Amino acid sequence: MGLVDIIKKGVFVDILRGMSVTGTYFVENKVTVEYPKEKLQTYPRFRGMHALLTDPETGDTKCVACMLCATICPSRCIHITGEVTPEGRSHPESFNLDLARCIFCGLCEEVCPVAAIVMTKVYELASFDKGDFWLTKEKLLANQVNAHKEVFAAPAAGAPSGVTRDRPVAGEEER
Amino acid sequence: MSDPVAQLIFLIVKAILMPVLIITFVAFVIYFERKFAGFFAGRVGPTYLGPWGSLQSFGDIIKLLSKEDVTPLRADKLVFKMAPYIAFIPVFAVIAVLPFGPVGGGPNLFGHRFDYVIANFDAGVVLLLAMGALSVYGVVLAGWSSNSNYSLLGGLRAGAQMISYELAMGFSVVGVVLMAGSLNFVDIVNGQAGNFWEWYFIPQVVGGLVFFIASIAELNRTPFDLAEAEQELVAGHLTEYSGMRWGMFYFAEYVNLVVISAIVSTLYFGGWRAPLTVLDFIPGPIWLFLKMIAFIFLYMWVRWTIIRYRYNQLMSIGWKVLLPLSLANLVVTAIVVSLQG
Amino acid sequence: MSAPHDLHEPSERLLRHDASPPEGDGRVREKDAGSVRSSATDATEDALSGPPARSGGRGFVPQRPPTPPGSLFAPGVDPDVVVAAEAHAAEAHATQAHGGEAHAGGTAARPRPTLEELKARKARTRGLLERNVDVMTVSMGPQHPSMHGVYRAELDLDGEVIVAVRPEIGNLHRGVEKLCEQRTYHQIIPLTDRLDYLSGFAMNHGFCEAAEKLMGLEVPPRARHIRTLSSELCRLANHIMWLGVHIMDLGTQTFFSICFRDREYVLDLFEMLTGARLTHSFARIGGVAKDLPDGFEERCRKVIDFLPKRVAEYERIVKHNRIYYKRAKNVGIFTSEDCYAWRVTGPPLRAAGIARDLRKDEPYAAYDEVDFEVAVEYNADVYDRFLVRMKEIRESCKIIRQCLDNLPPGPFLSRDMGHTLPVKRDVLQDSAAMIQDFYQVFRGPQVPKGEVYRATEAPKGEMGVYIRSEGAGTPARVRFSTPSFYHGQAVPALVEGEMVADMVAIFASVDVVLGDCDR
Amino acid sequence: MSVAAGRGDALPESLVVAASKLEKRFGRRLLERVEFRGELTYVVAPDDWLRVLSFCRSAPPLAFDQLDCLFGDHLPERATAPFAVVVHLLSHTHGHRLRVKTALVDGQPVHTVTGLWPSAGFDERETWEMFGIPFSGHPDLRRLLTTDDFEGFPLRKDFPLQGTVGGRIRTDLRGKI
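Protein chains in written order, with the numbering used here: chain A, 233 to 407; chain B, 83 to 423; chain C, 17 to 535; chain D, 50 to 226.
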């Protein structure tokens with residue numbers, strides 16, 4: 233413990249050094265995203281609330297009720313009843329998804345052989361009503377406006393837009 | 083209007099105005115603490131209530147008032163309810179003896195003499211130390227009466243900590259008292275008349291540092307916030323408090339912050355005096371206010387940067403480092419003052 | 017040697033850390049210890065830190081020699097520790113026995129304590145441990161602000177000294193192992209995310225490595241590189257968050273925010289890559305779910321260029337801060353023997369001077385193709401665990417950069433029909449892939465009968481996965497031998513004799529996540 | 050790159066040495082020896098459990114100084130001894146791993162190994178609560194992960210995946226704690 237160390241301790245070099253760092257943070261640009269006011273854009277792979285896509289030819293869902301998604305689902309949250317239409321097409325009579333059970337793993341989207349079920353960019357899922365978590369076929373079809381553009385269907389018009397903010401890039405936005 | 087009557091009226095006005103001003107100021111200090119805590123962490127702090135969130139403290143008060151006031155089943159109810167007041171009231175008493183402008187001299191307001199101090203009290207420093215010691219009781223009693231292990235530990239820590247730091251604080255103040263030759267804050271400020279190199283922080287640099295560190299301990303702020311050490315003791319002595327009772331402790335803490343920063347400026351940084359005599363045209367209270375703000379900011383900066391000492395380390399610093407340092411400072415000051423005098 | 021009568025001693029002794037293991041295995045594996053010393057980082061700042069061996073400064077605990085009053089703010093420097101350390105340093109310097117690990121400062125070699133010295137230091141820093149004192153029992157957790165998750169510890173306190181700890185876990189038990197027995201291998205992957213939810217991909221990865229070992233499946237090189245990259249990103253996210261939480265536990269709330277700010281960049285990358293921020297579910301049997309997206313590489317490079325700078329800033333705040341030094345140095349000493357006995361792995365083990373890293377020792381994914389150093393420190397205390405993690409952040413950045421540089425072309429998922437889910441694009445275009453899709457979903461992969469155990473280096477320690485297969489598409493028994501489970505168990509051995517304030521510091525320093533612990 | 054990143058299915062050399070030592074010491078009391086994917090498994094009788102493991106722990110060529118994990122298993126298709134306790138050992142000295150198993154009937158105790166590796170404490174508690182395999186000599190054999198009033202042994206194959214067991218709100222304790 234030399235004299236230099238004692239002097240350094242006496243004038244609080246170590247603490248002042250730390251304070252200089254927080255001091256720079258004090259004046260730097262802030263990274264806070266004030267959430268309800270401004271929202272971040274999700275990435276194309278983001279796994280949000282599900283949607284069923286419509287087949288533009290028939291106007292009905294693309295789903296053929298093959299049960300793959302219901303089978304692969306680790307939390308067993310998809311319930312499908314299939315039927316055959318008069319034209320001979322396999323078709324889900326009911327397609328229910330229990331969002332309260334869903335763990336958003338994305339396996340249903342991955343295994344779907346006709347790209348009917350997709351995960352969208354909707355992530356604000358809180359609700360006061362438990363019934364809102366029971367997604368029927370109609371709700372899932374209506375949600376396809378929020379689907380990511382990159383999936384295999386063309387994006388439907390009228391997707392809602394909010395005040396969005398770009399992601400901060402490390403080392404760029406600040407300082 | 084005779085002079086005594088005018089003085090009485092002035093006294094009443096000052097006695098009402100000062101606490102009100104301090105409380106309003108404290109509300110904003112709390113807001114700035116939260117805002118700056120955010121800034122130091124790269125966040126933005128409160129933004130919603132009022133412009134830039136500036137009314138946040140008032141929102142807090144409304145929230146605290148509307149919350150349920152829970153008293154633990156097996157708490158010592160009388161003590162439990164008294165403790166916040168015991169913590170709250172003594173800190174105000176010190177305000178009375180702090181000068182915030184020139185005292186004495188000729189008539190300066192409506193043809194009468196207006197003293198910028200509530201009480202020109204000859205033993206002001208003693209009052210400061212006594213009241214500081216009293217406010218510990220609030221913490222200790224709160225810890226004891228809550229009937230919770232965490233509270234008890236917090237109260238014990240607070241008691242031990244304040245006693246040991248009170249000593250170092252007292253001895254370091256004596257250096258200033260010796261230099262000023264008086265226990266009166268007014269005389270202490272008058273002793274620092276002149277430019278900023280006449281202030282006591284240069285001859286009393288060691289005492290000033292000790293006083294500053296001890297004052298952080300007195301304020302219960304990081305790195306000495308062991309009494310309520312959130313990460314260890316949940317909230318220490320405040321664990322069982324809720325609603326406005328908790329709010330009073332919280333408020334007392336910030337009143338204390340304001341008062342202590344005023345005291346540091348008064349003892350070592352010339353009080354209401356301007357740093358250069360050419361700047362004397364700016365009134366004294368403004369200088370005091372600016373100095374207080376600077377110290378409050380410094381306290382915040384320290385709090386949001388560095389981490390907490392452990393209990394035994396705190397005690398060993400208090401007894402093994404700060405106390406000997408302040409004693410040495412006292413001896414040296416005494417020798418120098420007696421040689422000069 | 018095998019003396020069963022040794023094992024019938026009173027129960028208390030068996031579970032305590034002082035149950036000394038039999039002789040013959042106290043050897044510290046000095047496996048290329050010299051080469052792993054990274055000397056680059058901060059030579060100049062070491063001057064401030066003073067003598068490296070310093071007593072805990074616990075003057076008021078009885079039975080310990082009173083520490084002499086040191087200089088300003090310094091606790092008494094234990095003369096014998098310093099003498100021993102200096103002797104050791106001189107010896108190391110003179111003989112260069114360990115391969116010349118003289119510090120970059122050039123003046124003094126950092127002393128490397130032997131196991132015996134560490135034991136002695138531990139015995140000295142632990143306070144009075146009398147069982148029959150009047151104790152105050154405090155229940156710490158599950159709702160304590162600094163208990164990570166829902167861990168609960170009942171502390172017996174003698175004043176501020178912890179006399180005994182009784183850990184209680186299980187508040188987050190979800191029965192993952194039971195669920196795994198009912199799910200195909202593909203379905204288990206999302207469940208593994210939820211083990212250590214702070215580093216989800218590392219958990220995916222560990223399970224997939226085990227399953228691939230069971231199946232004898234080969235992973236394409238591109239997939240292995242993407243896995244390595246993602247695992248290291250997990251390590252970054254985990255260690256940065258660890259730093260924030262650890263320093264917050266010592267008293268500065270600011271750290272929590274600023275570290276979360278930087279973790280956000282990593283999570284951002286994960287959202288871009290996997291579609292989720294925490295529960296990635298990204299690894300697949302035979303590869304990864306998706307290829308790197310456009311623009312990922314550029315962003316990723318920015319992050320890994322940026323994070324080491326940030327970490328250097330954080331080190332400016334805490335590394336030589338006298339308070340952090342006092343709070344962390346010689347606190348929670350856990351020697352390599354203790355680590356073996358309690359199966360404490362990962363950074364705490366590496367902080368005890370053992371260069372044990374499964375990435376090097378039992379390489380998986382692309383770890384044998386990248387160049388990195390195992391972070392090792394020698395004092396086995398909280399401070400050294402901090403140093404190890406900071407080094408690991410830098411090394412992870414290095415690994416990620418190499419993965420990006422050397423990313424081989426080719427498939428990101430094995431084309432093996434029998435074991436892997438097909439790539440989505442193929443399913444839509446190719447009927448064979450569609451058949452494979454149906455087969456995999458309804459039956460699961462083709463797995464031979466047998467059992468495997470595969471351990472991987474998760475950010476928190478070694479994560480072992482045991483799978484026993486009966487040949488069906490679902491495993492017959494899965495066991496996740498997760499690091500936090502054992503770290504949580506070792507808490508009594510870690511903290512008994514320390515003080516309450518150290519409980520939070522030490523508990524954070526071994527990095528326990530309750531999802532990982534309770535499974 | 051093949052399984053386990055190029056390690057192949059061959060046993061590491063140090064493990065071969067260790068295995069020969071172990072076999073020399075215990076001979077026919079090692080009931081079964083399985084090699085699979087470069088991992089070595091021995092099955093021992095429950096009575097030999099502690100003896101074999103303490104040999105593994107202390108004999109220098111084996112020197113298994115770390116217990117990687119200990120857990121139970123249930124094989125209802127095995128009529129005689131449907132339960133198993135599996136131990137994974139790791140030697141930091143040599144860097145090899147070993148698996149040791151024992152087969153048990155329902156309720157048959159097996160000796161604790163907490164004296165050899167303290168880290169077995171939680172493992173054995175978990176095995177006991179999940180499979181009902183008692184460990185004689187364990188210092189603190191209580192439920193670990195489930196609630197105190199949990200009934201049954203959840204990881205047995207006959208235990209249902211869904212349903213409610215235990216975890217009731219203890220109204221009977223109201224006012225007493």
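Even glycine gets a Cβ: it sits at the ideal position worked out from N, Cα and C.
Note that the structure is a prediction, hence the values are computed from the model and not measured.
Secondary structure in the region 268-340 of chain C: the alpha helix (DSSP H) runs of 4 residues or longer, each lying completely within the stretch, are 269-290 and 312-334 in chain order. In the DSSP secondary-structure assignment, histidine 123 of chain D is bridged to D:Phe132. A Cβ-Cβ separation of about 18 Å leaves glycine 325 of chain B out of contact with aspartate 158 of chain B under the 8 Å criterion. When Cβ-Cβ separations below 8 Å define contact, phenylalanine 114 of chain B makes no contact with chain C. Pairing lysine 294 of chain A with alanine 348 of chain A gives a Cβ-Cβ distance under 8 Å. Listed in chain order, the non-local C-beta contacts of valine 404 of chain C below 6 Å within the same chain comprise Pro363, Arg366, Ala367, Ala391 and Glu393, local neighbours out to five positions each way being set aside.
Boundaries of the beta strand (DSSP E) harbouring serine 485 of chain C: 477-485, taken from the DSSP string. For arginine 82 of chain D, no CB of chain C lies under 8 Å from its own CB, so it is not counted at the interface with that chain.
Three or more pairs of CB atoms, one per stretch, sit closer than 8 Å, so the region 240-248 of chain C contacts the region 291-310 of chain C. No Cβ-Cβ contact shorter than 8 Å links methionine 257 of chain C with phenylalanine 271 of chain C.
Of the other Cβ atoms in all chains shown, fewer than 16 fall within 10 Å of the Cβ of tyrosine 267 of chain A; this residue is therefore exposed. Sequence-distant partners of isoleucine 349 of chain C (beyond 5 residues in either direction) whose C-beta falls short of 7 Å from its own C-beta, in its chain, are Leu134, Arg137, Lys138, Thr141, Ala396 and Asp397.
For methionine 156 of chain C, the enclosing beta strand (DSSP E) begins and ends at 152-156. At a cut-off of 8 Å between beta-carbon atoms, isoleucine 333 of chain C makes contact with chain B. Only exposed fits tyrosine 130 of chain B, as fewer than 16 other CB atoms lie within 10 angstroms of its CB. Counting only Cβ-Cβ distances below 7 Å, arginine 343 of chain C has contacts in chain B at Ile389 and Arg392, in chain order. Under the Cβ criterion of 8 Å, glutamine 203 of chain C is counted among the residues facing chain A. The beta carbon of leucine 171 of chain C does not come within 8 Å of any beta carbon belonging to chain D, so the residue lies off that interface.
When CB distances to chain C are screened at a threshold of 9 Å, the residues of the region 324-356 of chain A falling below it are Ile335, Phe336, Cys337, Gly338, Leu339, Glu341, Glu342, Val343, Cys344, Pro345, Val346, Ala347 and Met351, in chain order.
Residue pairing from DSSP leaves glutamate 393 of chain C without any beta-bridge partner. Between phenylalanine 306 of chain B and glutamine 395 of chain B, the C-beta spacing is not below 8 Å. Annotated three-state conformation of glutamate 408 of chain C is helix, per DSSP.
When rounded, the separation of the alpha-carbon atoms in arginine 182 of chain C and tyrosine 356 of chain C is 21 Å.
In the DSSP assignment, alanine 218 of chain C falls within the alpha helix (DSSP H) that extends over 216-231. Close to tryptophan 401 of chain B, with beta-carbon spacing below 7 Å, lies no residue of chain A; the smallest spacing is near 18 Å.
Ranked by how close their Cα comes to the Cα of cysteine 305 of chain A, the residues C:Arg190, C:Gln203 and C:Arg441 have C:Gln203 in first place. A Cβ-Cβ contact shorter than 8 Å links proline 499 of chain C with aspartate 532 of chain C.
Neighbours of valine 126 of chain B in chain A, taken as residues whose beta carbon is under 8 Å from its own, are Lys262, Thr264 and Glu266 in chain order. Rounded to whole angstroms, the gap between the alpha carbons of alanine 332 of chain A and glycine 141 of chain B is 35 Å. Using beta-carbon distances, glutamine 418 of chain C does not count as an interface residue toward chain D, since no partner is under 8 Å.
Taking C-alpha positions only, alanine 376 of chain B is separated from asparagine 231 of chain B by approximately 38 Å. Contact between phenylalanine 174 of chain B and valine 337 of chain B holds, with the beta-carbon distance rounding to 7 Å and staying under 8 Å. Using beta-carbon distances, threonine 195 of chain D counts as an interface residue toward chain C, with a partner under 8 Å.
Secondary structure of arginine 210 of chain C (DSSP, three-state): coil.
DSSP, read as helix, strand or coil, puts glycine 186 of chain D in coil. A straight-line Cα-Cα distance of about 11 Å links valine 457 of chain C and histidine 435 of chain C.
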